[in-house]
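Residue numbers (my numbering): 16 to 300.
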Amino acid sequence: MMGQTPEQVIDSQRQDWNRVAGGWEKWDRFFDEQMAFLNHRLVADARLRSGMRVLDLGSGTGYPALLGAHTVGPSGSMTGLDLAEQMLAVARRKATALNLANTTFRTGDVSALPFEANSFDAVTSRFCLMFLPEVQKAATEIMRVLKPGGWVAAAVWSSPDKNPSIGLSMEAIKKVVELPQPDPTAPGIFRLAKPGDLASMLQQAGLVDVTDQEFLAEWSYASAEEYYTSLMEIAAPVQNLMAKLLDAQKQEVKRLILQASSQFRRSDRITFPLAVRMVAARKPL
Ligand SMILES: C[S@@+](CC[C@H](N)C(=O)[O-])C[C@H]1O[C@@H](n2cnc3c(N)ncnc32)[C@H](O)[C@@H]1O
Numbered sequence: 016m017m018g019q020t021p022e023q024v025i026d027s028q029r030q031d032w033n034r035v036a037g038g039w040e041k042w043d044r045f046f047d048e049q050m051a052f053l054n055h056r057l058v059a060d061a062r063l064r065s066g067m068r069v070l071d072l073g074s075g076t077g078y079p080a081l082l083g084a085h086t087v088g089p090s091g092s093m094t095g096l097d098l099a100e101q102m103l104a105v106a107r108r109k110a111t112a113l114n115l116a117n118t119t120f121r122t123g124d125v126s127a128l129p130f131e132a133n134s135f136d137a138v139t140s141r142f143c144l145m146f147l148p149e150v151q152k153a154a155t156e157i158m159r160v161l162k163p164g165g166w167v168a169a170a171v172w173s174s175p176d177k178n179p180s181i182g183l184s185m186e187a188i189k190k191v192v193e194l195p196q197p198d199p200t201a202p203g204i205f206r207l208a209k210p211g212d213l214a215s216m217l218q219q220a221g222l223v224d225v226t227d228q229e230f231l232a233e234w235s236y237a238s239a240e241e242y243y244t245s246l247m248e249i250a251a252p253v254q255n256l257m258a259k260l261l262d263a264q265k266q267e268v269k270r271l272i273l274q275a276s277s278q279f280r281r282s283d284r285i286t287f288p289l290a291v292r293m294v295a296a297r298k299p300l
């Protein structure tokens with residue numbers, strides 16, 4: 016874990032995501048359009064239905080919590096949990112604008128869920144679990160708060176070679192400064208990319224009927240510049256690395272990122288493939 020205690024990881028996660036909350040709000044419509052399919056997939060995998068009580072882990076600015084809240088309707092409820100108050104402030108504004116009165120966003124740590132056992136009919140999570148210092152602890156917590164028979168559905172990034180829009184920024188930074196060899200078990204974007212990693216943790220926590228599938232899709236930007244700007248404004252892990260560079264090094268990284276991303280030009284847009292690992296499991300009856 017690069018020498019960091021779990022508490023230090025949690026603290027830096029909180030700071031990192033609070034710092035980029037403004038960027039997430041600015042790019043909200045764009046990412047909502049580009050990634051909506053994942054929310055629908057999570058709602059399907061978690062078997063959400065009208066009237067259910069649902070928990071979304073690491074909701075950030077409200078994904079997939081807002082779609083989940085809409086799906087369970089006024090007779091159900093959605094609780095979105097996240098470390099970062101600023102991200103949740105955006106999610107709350109969106110819930111209000113959508114008239115989702117069944118939705119509550121609260122701060123908390125996924126590895127120590129502030130809920131009674133057997134509280135939720137289903138649990139969802141998009142792009143959060145790989146940032147936890149102790150994923151197994153979170154798996155045990157998910158098992159505890161789910162009602163018997165309830166489903167959890169989670170999305171995490173698959174490998175960097177299949178996600179060039181993230182991988183190429185890391186490669187560009189590596190060309191400019193030496194980065195320490197990443198510890199594959201340390202929290203980070205690709206920590207749960209390997210098939211079976213998250214699935215086996217859920218299984219170890221006692222969940223059953225575990226599925227682990229890679230979902231292939233793509234996302235598309237109007238230009239390489241647009242891609243670069245959004246990356247710098249929302250990707251907290253990339254921002255962290257960039258903050259360590261001198262101005263001239265930042266300019267060189269930008270040049271390399273623009274150059275590498277232009278390989279993905281298709282007609283008049285930059286279109287990247289993406290691969291997401293979708294894992295679902297059920298608490299036994
Ligand atoms: C990449 S964002 C994803 C947000 C949202 N689910 C989405 O897909 O748009 C990751 C989120 O996980 C949250 N997070 C990271 N570690 C966490 C933890 N231990 N407990 C709760 N939330 C955490 C961060 O604060 C951040 O909002």
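Every residue, glycine too, gets a C-beta built ideally from N, C-alpha and C.
Assignment of Ala290 by DSSP, reduced to helix, strand and coil, places it in the strand class.
No heavy atom of ligand 1 is found nearer than 7 Å to the CB of Thr155.
In the same chain as Asp60, and ignoring 5 residues on each side of it, the C-beta atoms closer than 6 Å to its own belong to Ala168, Ala295, in chain order. Every beta strand (DSSP E) stretch that sits fully inside the stretch 127-161 and reaches 3 residues is listed by chain position as 135-141. Under the three-state reduction of DSSP, Ser282 is assigned to coil, being neither helix nor strand. Runs of the alpha helix (DSSP H) spanning 4 or more residues and lying entirely within the stretch 68-126 occur at 80-87, 100-112, in chain order. Between Lys109 and Thr86, the C-beta gap is not smaller than 8 Å, which leaves the two residues out of contact. Between the stretch 255-274 and the stretch 199-218 there are fewer than three C-beta pairs closer than 8 Å, too few to call the two in contact. Going by beta carbons, Pro79 and Leu115 fall outside the 8 Å limit.
Burial of Gln28 is indicated by the presence of at least 16 other C-beta atoms within 10 angstroms of its C-beta.
Scanning its chain for C-beta atoms nearer than 7 Å, with the 5 sequence neighbours on each side dropped, one finds around Val223 the residues Ala296, Arg297, Pro299, in chain order.
Non-local beta-carbon contacts of Arg62 in its own chain, meaning distances under 7 Å to residues more than five positions away in sequence, involve Ala137, Trp166 in chain order. Membership of Glu229 in the beta strand (DSSP E) is indicated by the continuous run 223-236. Our two residues, Ile285 and Tyr243, have alpha carbons roughly 11 Å apart in a direct line. Between the alpha carbons of Gln266 and Ile181 lies a distance of about 18 Å.
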